[in-house]
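Here's the structure, in structure tokens; my notes come after.
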Amino acid sequence: MPSSTENNTQPWFERRPLVALAPMEAVTDCAYRRIARSIAPNAVLYTEFVPARGLLAGAAKVWEMAHFEEMERPIVIQLYDSVPEALGDAVAAVREKYQPDGFDLNMGCPMRKVANRGAGCGMMATPDIAVDSVRRMVENANGIPVSVKTRLGIRKRDEVVDLARACIDAGAEQITIHARLKAERPREAADWTALSSAACKLRVPIIGNGDIWTVSDALKMNSLEGIDGVMIARGGIGNPWLLQRCCQAIADEAIDPLPDREEKARVAKMHLRANVELKGERRGVLELRKIVRNYIKGHIDSRRTWMRIIETITLTDTLKVLDDFARGPDDSQ
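For the sequence shown, this note's numbering assigns the number 1 to the initial residue and increments by one for each residue that follows.
The following block contains the structure:
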């Protein structure tokens, strides 16, 4: 199916409100994106970050990461690699097969297995390679927008500005900035002041990322000078309602109430069934354990329910545990 760009519709980054679910390894797979879309119809969804050379090698599990369904649109496929030619060729291969609404270059992942090989945040140290990567992706995207997700910098909080400008000159149409340095971990507060300062110096739509846990956080970040939208990462794991509530708040619409335990169980079961459908029973159940923990947190029996879930290996048994959780007391904390 054609992308939104080919249909001459609005590019995904011009949507308002602009709320996105961040690309997260082993989280934002097709199953979770289905759930996110069913709850938040107007959010922008990203795939997990996909290794370009894995696609070119024809690795089935890597192509599975790039697969999406029509109901997920607008959908952005994020790629990572340290070789510009591989990134360009991967865009061509994916475009021919899937026609996403956008391609994104991962220039923000700080994981050693990625950054130490010159990919992800490691690419910030080699701006010539970064710019060449963007250029090759744009050349092979055939009009599908190319964007970049990066960080404030490696050592200094203003490093992103010159690099982002060069990427924009190479054809990047949108930049997402994670408001931390490469070495800063999630426990360290995101620097929204530096984020806004950088955003004001760039001429394309800027999405802010980092420390959005509540609707209030999203409203505050979205109001920063230079910021056009927000990206939700860890706060959205097992919490697709946050995406929708942030969309509603930024649009100045009535905000849905927080989900009760029955709603949490209902959506967790939907997610579980989707994961099993896509990956098979054993893998689908086991992979979802860490995310289910987020669905059920905040209740007096959350830990007990979690301990029961990690002992299950079948779909039927896991669904029963979630049914029991749904029938528990109304005790949201």
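Where a beta carbon is used, it is the ideal one built from N, C-alpha and C, also for glycine.
For residue i, the nearest candidate out of the options (CA to CA)
i	options	result
VAL161	ASN275, GLY235 and ILE206	ILE206
SER216	LEU202, GLY226, LEU243 and GLY108	LEU243
MET107	VAL134, ALA92 and GLU96	VAL134
LEU315	MET270, ILE296 and HIS299	MET270
MET71	ILE177, SER38 and ALA249	SER38
ASP104	ALA20, LYS297 and ILE313	ALA20
VAL146	ILE75, VAL114, GLN248 and GLY328	ILE75
HIS196	GLY226, ALA170 and CYS167	Contrary to the premise, residue 196 reads as Ser rather than His in this sequence. It is GLY226.
ALA249	GLU262, GLY235 and THR214	THR214
VAL91	LEU56, CYS109, ASP330 and PHE68	LEU56
CYS167	MET231, MET137, ASP330 and GLY143	MET137
ASP169	PRO84, ALA130, PRO11 and LYS279	ALA130
CYS200	ASP158, TRP241 and MET231	ASP158
GLN78	GLU85, VAL94 and GLU69	VAL94
GLY102	PHE13, ARG112 and PRO41	PHE13
In DSSP terms, what residue i is bridged to
i	result
GLY236	For GLY236, which the question treats as bridged, DSSP gives no partner whatsoever.
GLY118	Its beta-bridge partners do not exist; DSSP assigns none.
TYR80	PRO51
GLY229	ILE207
ALA106	Note that residue 106 corresponds to Asn in the displayed sequence, not to Ala. Per DSSP, LYS149.
ALA20	VAL44 and MET231
ILE75	LEU45
Backbone secondary structure at residue i - three-state DSSP
i	result
GLU48	strand
ARG53	helix
ASN142	coil
HIS67	coil
LYS149	strand
ASP256	coil
THR126	coil
GLN174	strand
ALA179	strand
ALA90	helix
VAL27	coil
GLU311	coil
ASP191	coil
GLN10	coil
Same chain only: Cβ atoms within 6 Å of residue i, ignoring 5 sequence neighbours per side
i	result
ARG293	TRP306
ASP301	GLY328
ALA265	LEU322, PHE325 and ALA326
Residue-chain proximity (residue i, chain B), Cβ-Cβ < 8 Å
i	result
CYS30	The structure shown contains no chain B, having only a single protein chain.
Cβ-based neighbour list, residue i, same chain, cut-off 7 Å, excluding 5 preceding and 5 following
i	result
ASP211	ALA189, ALA190 and ASP217
VAL321	THR305, ARG308, ILE309 and THR312
PRO51	VAL62, TYR80 and ASP81
ARG117	SER82
ALA233	ALA22, MET24 and ASN209
GLY54	VAL62
Proximal residues to residue i (C-beta, below 8 Å), its chain only, five neighbours per side dropped
i	result
ILE237	MET24, VAL27, ILE291 and ASN294
VAL285	LEU272, ASN275, VAL276, THR312, ILE313, THR314, LEU315 and THR318
CYS121	MET107, GLY108, CYS109, PRO110, VAL114, ALA115, THR150, ARG151, ILE154 and LYS182
ALA86	ALA52, ARG53 and LEU56
Worksheet entry | At least three beta-carbon pairs within less than 8 Å, the stretch 23-42 to the stretch 210-222 | no
Worksheet entry | Cβ pair count under 8 Å reaching 3, the stretch 44-58 against the stretch 256-270 | no
Discussion item. Counting beta carbon pairs with one atom in the stretch 149-156 and one in the stretch 169-177, are three or more of them shorter than 8 Å?
Written reply: yes
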